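*Asks:* Sending over a structure as structure tokens; questions will come in a sec.
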Amino acid sequence: MSLGKELYRYYDEYGPLQVFDDGNKRYLSFGDGDEQSCQLKSDPLQLQHDYSRAMLLVLLFKEPKNVILFGLGGGTLATTMHHYIPTLKLRVVELRSQVVDVAYRYFQFPRSERIDVFTEDASEFLDNTEQSKTDVLFSDIYGEEGLDLQQTQPWFIERCAELLNDDGWLVLNCWQLHRGDKEMMTALKTHFADVRVSTTSEGNWVILAGKKADQSSATQLKAAAKKWSTLLGYSLLSSYGQLKQVC
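Anchor point for the sequence shown: position 9 equals 9 in UniProt numbering, and the numbering is continuous, going up by one each time.
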């Protein structure tokens, strides 16, 4: 499948990095046929991937004051949250400096006093005990070969839990094949009181894990989904309908 005209190509030690434009949308790719990020040029704040919208379901449970995001991509998720939560402070952790440059140059990732960017591996960031805790931590780490498997490891999940506030939430973007990863699920149930999952049409498996069990009723959560849908300009109800509680 063609992603349109190639605007940019770069190779670093982690593989290729390409930007395409089909006139309507702009794409970031980390390899042949890969669609890492997609942005609608006429409305850059409208998230195009189902998994990105599923990740935003965490807003039904927690409206954060601060967020950590592992894996920038084109910056679409960070840009959306930065816009719709005006007081939000973001820490973005991205391994590849060129990805950060591309997000600024081609995907309207904002230069803002409310966004701090760290060019390092997520594991290095997690090992930095001087980092302050956060309300929500998103982990969406992908490369040329697909998902960075460190984000499915028990040690990674434990460190993420330690970096969250007492009522914080972890959001992981994985693949459906990881549903059978018993070690990962055991780690999630060990460190989190509330674990919910959503399978998308694209084959992603999005995990939302809260340090405290959420007591909201289905009616309250659906109302919150409608509120955010109105604000965002697209519906979260389909993603919400796929959300299942594990514990």
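Built from N, CA and C at the ideal position, the CB exists for glycine as well. Since this is a predicted model, take the numbers as computed values, not measurements.
Considering I68, what are the terminal residues of the beta strand (DSSP E) in which it resides?
*Replies:* Counting along the chain, the beta strand (DSSP E) containing I68 begins and ends at N66 to F70.
*Asks:* Per the DSSP calculation, Q18 is bridged to which residue(s)?
*Replies:* Q18 pairs with R9 and S29.
*Asks:* Do the region 129-148 and the region 164-173 make contact, defined as three or more Cβ pairs closer than 8 Å?
*Replies:* Yes, since at least three Cβ pairs between the region 129-148 and the region 164-173 fall closer than 8 Å, the two stretches touch.
*Asks:* Just list the residues that DSSP pairs K244 with in beta bridges.
*Replies:* Answer is V197, bridged to K244.
*Asks:* Of the residues S42, G15, D32 and Y14, which one's Cα is nearest the Cα of R26?
*Replies:* Of S42, G15, D32 and Y14, the residue nearest in Cα terms is S42.
*Asks:* Could you tell me the alpha carbon to alpha carbon distance between F20 and S37, rounded to whole angstroms?
*Replies:* Roughly 10 Å between the two C-alpha positions.
*Asks:* On the DSSP bridge assignment, give the partners of N204 in chain order.
*Replies:* Note: N204 sits in a beta bridge opposite W175.
*Asks:* Can you tell me where the alpha helix (DSSP H) holding R91 begins and where it ends?
*Replies:* Element bounds for R91: not the alpha helix (DSSP H) but the beta strand (DSSP E), K89 to V93.
*Asks:* Please state if the CB of K133 and the CB of L90 are separated by a distance shorter than 9 Å.
*Replies:* In this structure, K133 does not lie closer than 9 Å to L90 by Cβ.
*Asks:* Between T80 and E183, what straight-line distance do the alpha-carbon atoms span, to the nearest angstrom?
*Replies:* Going by the C-alpha atoms only, they are around 33 Å apart.
*Asks:* Would you tell me roughly how many angstroms separate the C-alpha atoms of A193 and L208, rounded to the nearest one?
*Replies:* For A193 and L208, the distance between alpha carbons rounds to 11 Å.
*Asks:* Kindly identify the DSSP beta-bridge partner or partners of G75.
*Replies:* None, per the DSSP bridge assignment.
*Asks:* At which residues does the alpha helix (DSSP H) containing D50 begin and terminate?
*Replies:* Here the alpha helix (DSSP H) through D50 covers D50 to M55.
*Asks:* Under 9 Å between the Cβ atoms of R53 and L177?
*Replies:* Not a contact, by the Cβ cut-off of 9 Å.
*Asks:* Hey, E158 and A187: beta-carbon distance below 9 Å or not?
*Replies:* Cβ atoms of E158 and A187: closer than 9 Å.
*Asks:* Measuring alpha carbon to alpha carbon, tell me which residue in V102, K5, Q131 and G33 is nearest V67.
*Replies:* Nearest option by C-alpha distance: Q131.
*Asks:* Measure the alpha-carbon distance for S97 versus Y8 and round it to whole angstroms.
*Replies:* If you take the alpha carbons of S97 and Y8, they lie about 15 Å apart.
*Asks:* For D12, count the other beta carbons within 10 Å of its own beta carbon; 16 or more makes it buried, fewer makes it exposed. Which is it?
*Replies:* Burial call: exposed.
*Asks:* For R179, which residues of its own chain have a beta-carbon under 7 Å away from its beta-carbon, when the five flanking residues on both sides are left out?
*Replies:* W205, listed in sequence order.
*Asks:* Please report how far the alpha carbon of K189 lies from the alpha carbon of F156, in whole angstroms.
*Replies:* Near 14 Å, if we compare the C-alpha coordinates of F156 and K189.
*Asks:* My output table needs one value for L170: the three-state DSSP class, helix, strand or coil.
*Replies:* Here L170 sits in strand by DSSP.
*Asks:* Is the separation between the beta-carbon of P110 and that of H82 shorter than 9 Å?
*Replies:* Yes, they are a contact pair.
*Asks:* Name the two residues that bound the continuous beta strand (DSSP E) containing T134.
*Replies:* Residues T134 to S139.
*Asks:* By DSSP's criteria, S239 is part of a beta bridge. Which residues make up the other side?
*Replies:* S239 is not bridged to any residue.
*Asks:* What does a CB cutoff of less than 8 Å around S216 pick up in its chain, not counting 5 residues either side in sequence?
*Replies:* The residues are L60, F61 and A224.
*Asks:* On a CA-only basis, which of G71, P64 and T219 is nearest Y84? Give me that one, please.
*Replies:* When each option's Cα is compared against that of Y84, the closest is P64.
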